[in-house]
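Chemist:
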C-alpha cells in the first residue's frame, strides 16, 4: 500500500467535491489525517500535495492579506478527479 | 390458564434479548462519509456566496470568508456531530435576512426619491415654472419674422 497515492487520491476526490471552492491548506491537511487509516504523517501529506502540484493537478494561491494558502483543482485536475469519482 | 400465559409473556418481555450493535464503519466507509460531508459543506458555501452576489460589501466579504473556513473545518473532521455542522450553517441565516432587509430598504428609498422628483416636476409644471419666459417668446417671434 502506497500511502502517498492514497493521500493524493483522497485530496483529488475531496477537491472535486468542493466544486472550485478554495480549500485552506491547514484544513486540507486535517481532512487527510482524518480520512486515512493509518493516520498519515504530515511529511507524507506534504509530499502528496507537492506531487499533485508538480503534475499540474492542483494549484495553490496565497492570500495577499493573511498569506494563507488555499488549493483548487486545475482543469487537468478536474478531469482526473472526475475519473476517480 | 390465560393468567399463566400472560405471566409468561410478561416475564419474556422483561428479559428482552439486546439487539446487536451495528458494526463500526470500515475505513472506506468513514472516508466516503467524510467526502460526503465535504461535498455538502462545499455546496452550502457556494449557495451562501451566490446569495450575497458577485461583489458583497467588504465587511460581509470578511464574514463570508470566516464562515467558509468554519464550515470547511467542521466538514473535514471525521467525528463532527451532524447537529454541530447544521448549527454552524444556521449562523449565516440572520446575516442573509439582514442583507435582504437592507436591499429592500434601499429599493424603497430609491422609489421614494423617484416619486418625490415626479411630484416636484408636476408641481413646477402647474406653477408654470417651466413655461417660456416673455424674453424668450419675443426672441422666437423676432427670429420667425426674419425668416
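Residue numbers (my numbering), protein chains in the order written: chain A, 1 to 85; chain B, 1001 to 1147. For each residue, glycine too, the CB sits at the ideal point set by N, CA and C. Since the model is a prediction, treat every value here as computed from it, not as a measurement.
Could you tell me which whole alpha helix (DSSP H) segments of length 4 or greater appear in the segment 27–80 of chain A?
Modeler: Here the runs fully enclosed are 42–54.
Chemist: Can you give me the C-alpha to C-alpha distance between residue 1001 of chain B and residue 1021 of chain B, rounded to a whole angstrom?
Modeler: Stepping through the second chain from its first residue, residue 1001 of chain B is reached at position 1. Stepping through the second chain from its first residue, residue 1021 of chain B is reached at position 21. Because the pLDDT at residue 1001 of chain B is just 49, under 50, the model does not fix this residue reliably, and the value given afterwards should be weighed accordingly. Approximately 37 Å between the Cα atoms of the pair.
Chemist: At 7 Å on the CB atoms, spell out the chain B contacts of residue 34 of chain A, in chain order.
Modeler: Here the question's residue 34 of chain A lines up with position 34 in the first chain. The answer, in chain order, is 1034, 1076, 1077 and 1078.
Chemist: Could you check the C-alpha separation between residue 1058 of chain B and residue 1103 of chain B for me, to the nearest Å?
Modeler: On the second chain, residue 1058 of chain B is found 58 positions in, with the first residue counted as 1. On the second chain, residue 1103 of chain B is found 103 positions in, with the first residue counted as 1. Each residue's Cα considered, the two are about 16 Å apart.
Chemist: Compute the beta-carbon to beta-carbon distance between residue 1034 of chain B and residue 31 of chain A, rounded to the nearest angstrom, for a pair I have assumed lies under 8 Å.
Modeler: Reading the second chain from its first residue, position 34 is the one you call residue 1034 of chain B. Reading the first chain from its first residue, position 31 is the one you call residue 31 of chain A. That belief holds up - the Cβ atoms of residue 1034 of chain B and residue 31 of chain A are roughly 7 Å apart, short of 8 Å.
Chemist: Using the rule of at least 16 other Cβ atoms within 10 Å of the residue's Cβ for burial, across every protein chain shown, is residue 5 of chain A buried or exposed?
Modeler: As a first step, residue 5 of chain A is located in the first chain; it is residue number 5 there, counting from the start. The residue in question, residue 5 of chain A, is exposed, as its Cβ has fewer than 16 Cβ neighbours within 10 Å.
Chemist: Strictly below 9 Å CB to CB, what residues from chain B border residue 46 of chain A?
Modeler: Position 46 of the first chain holds residue 46 of chain A. Result: empty, since nearest Cβ-Cβ is about 17 Å, beyond 9 Å.
Chemist: Would you mind telling me which residues of chain B sit closer than 9 Å to residue 64 of chain A, beta carbon to beta carbon, in chain order?
Modeler: Here residue 64 of chain A refers to the residue found at position 64 of the first chain. In chain order: nothing, as chain B lies at least about 13 Å away.
Chemist: On a Cα-Cα basis, can you pick out the residue from B/1068, B/1085 and B/1105 that is closest to residue 23 of chain A?
Modeler: Within the first chain, numbered from 1, the residue matching residue 23 of chain A stands at position 23. Ranking B/1068, B/1085 and B/1105 by Cα distance to residue 23 of chain A puts B/1068 first.
Chemist: So is residue 58 of chain A buried or exposed if we call it buried at 16+ other beta carbons inside 10 Å?
Modeler: Within the first chain, residue 58 of chain A is the residue found at index 58, counting from 1. Per the 10 Å Cβ criterion, buried.
Chemist: Look at residue 1041 of chain B and residue 1071 of chain B and say whether their C-beta atoms are less than 7 Å apart.
Modeler: Position 41 of the second chain, counting from 1, holds the residue named residue 1041 of chain B. Position 71 of the second chain, counting from 1, holds the residue named residue 1071 of chain B. Yes, the pair counts as a contact, with Cβ atoms nearer than the cut-off.
Chemist: Residues in its own chain within less than 7 Å of residue 81 of chain A by CB, not counting five upstream and five downstream?
Modeler: Your numbering for residue 81 of chain A matches position 81 in the first chain. Hits under 7 Å: 12, 13, 15, 16 and 73.
Chemist: For residue 1063 of chain B and chain A, any beta-carbon pair shorter than 7 Å?
Modeler: As a first step, residue 1063 of chain B is located in the second chain; it is residue number 63 there, counting from the start. It does not; no Cβ of chain A falls within 7 Å.
Chemist: What does residue 1027 of chain B reach in chain A if we use C-beta pairs closer than 7 Å?
Modeler: Working through the second chain from its first residue, we reach residue 1027 of chain B at position 27. Correct list: 37.
Chemist: For residue 1032 of chain B versus residue 34 of chain A, is the C-beta spacing smaller than 7 Å?
Modeler: Within the second chain, residue 1032 of chain B is the residue found at index 32, counting from 1. Within the first chain, residue 34 of chain A is the residue found at index 34, counting from 1. No, the pair does not count as a contact, with Cβ atoms beyond the cut-off.
Chemist: Quick one: what's residue 24 of chain A bridged to in DSSP?
Modeler: Locating residue 24 of chain A in the first chain gives position 24, where the first residue counts as 1. According to DSSP, residue 24 of chain A bridges with A/70.
Chemist: According to DSSP, is residue 9 of chain A part of a helix, a strand, or is it coil?
Modeler: In the first chain, counting from the first residue as 1, residue 9 of chain A sits at position 9. Note: residue 9 of chain A maps to helix in three-state DSSP.
Chemist: Quick one: is residue 24 of chain A near chain B, going by C-beta distance under 7 Å?
Modeler: For the purposes of this step, residue 24 of chain A is taken as residue 24 along the first chain, with counting starting at 1. Yes, because at least one Cβ of chain B sits closer than 7 Å to the Cβ of residue 24 of chain A.
Chemist: Using 7 Å as the limit for Cβ to Cβ distance, is residue 1042 of chain B near chain C?
Modeler: Chain labels in this structure do not include chain C; the protein chains are A and B.
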